[in-house]
């Protein structure tokens with residue numbers, strides 16, 4: 019699970035992700051029940067709870083995988099590649115798919131849960147910001163990893179495609195959001 023330096027390994031993260039699945043599955047109905055106790059409608063309580071758990075469970079393991087140090091971590095600076103599409107041909111299919119999936123759960127479920135993300139452009143910005151943060155941390159922490167603009171493009175692209183795929187659900191959430199009148203008497207969605 020951990021290497022000799024105390025860092026999590028790829029296999030350790032995969033094992034922890036599998037072991038966390040029952041906890042994640044139990045968290046959804048418990049959160050929904052708690053929300054029902056606070057008066058939220060059943061459908062909304064379940065949708066909100068599922069979206070929150072899915073965002074965390076579907077994103078955290080992938081982000082942890084990006085922080086697994088390379089063999090020369092701390093001894094050498096990682097390389098930086100700022101030329102778009104230069105590294106893409108050298109990536110393995112697993113690397114490409116992994117980069118697409120890092121923020122896919124956040125892109126898919128984020129707009130369902132958070133009204134502010136109910137725009138493909140906002141999800142794209144979220145994916146870019148998250149990915150730039152990861153690439154900066156990889157370089158700053160000297161993890162012996164390549165900080166690449168192609169990773170940013172793939173991470174943000176995966177979040178954006180996932181948001182487009184979930185559009186029917188978050189569009190429905192927007193259309194059925196309850197309205198309230200503000201102090202000016204204008205009706206707005208909540």
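Residue numbers (the numbering used here): 19 to 208.
All residues carry an ideal CB built from backbone N, CA and C; glycine is no exception.
From a predicted model like this one, the values you see are computed outputs, not experimental measurements.
- Just measuring C-alpha positions, the residue of 64, 166, 179, 63 sitting nearest residue 103 is 166.
- In the pairwise beta carbon analysis, the region 52 to 72 is classified as touching the region 122 to 133: at least three pairs are separated by under 8 Å.
- Distances from the alpha-carbon of residue 45 to those of 55, 54, 56, 68 put 68 closest.
- In chain order, 125, 128, 129, 135, 177, 178, 181 place their CB closer than 7 Å to the CB of residue 141, counting only its own chain and leaving out the 5 sequence neighbours on each side.
- For residue 73, the enclosing alpha helix (DSSP H) begins and ends at 60 to 84.
- The beta carbon of residue 120 sits closer than 6 Å to the beta carbons of 80, 173 from its chain, once the five residues preceding and following it are set aside; these are given in chain order.
- Counting only residues of its own chain and dropping the five nearest sequence neighbours on each side, residue 50 has a CB closer than 6 Å to the CB of 63, 64, 67.
- Taking the CA atoms as reference points, residue 157 sits about 25 Å from residue 123.
- Residue 116 holds the alpha-carbon nearest to the alpha-carbon of residue 78 among 159, 116, 111, 160.
- The residue among 60, 175, 154 with its C-alpha nearest the C-alpha of residue 85 is 154.
- Between the alpha carbons of residue 108 and residue 89 lies a distance of about 19 Å.
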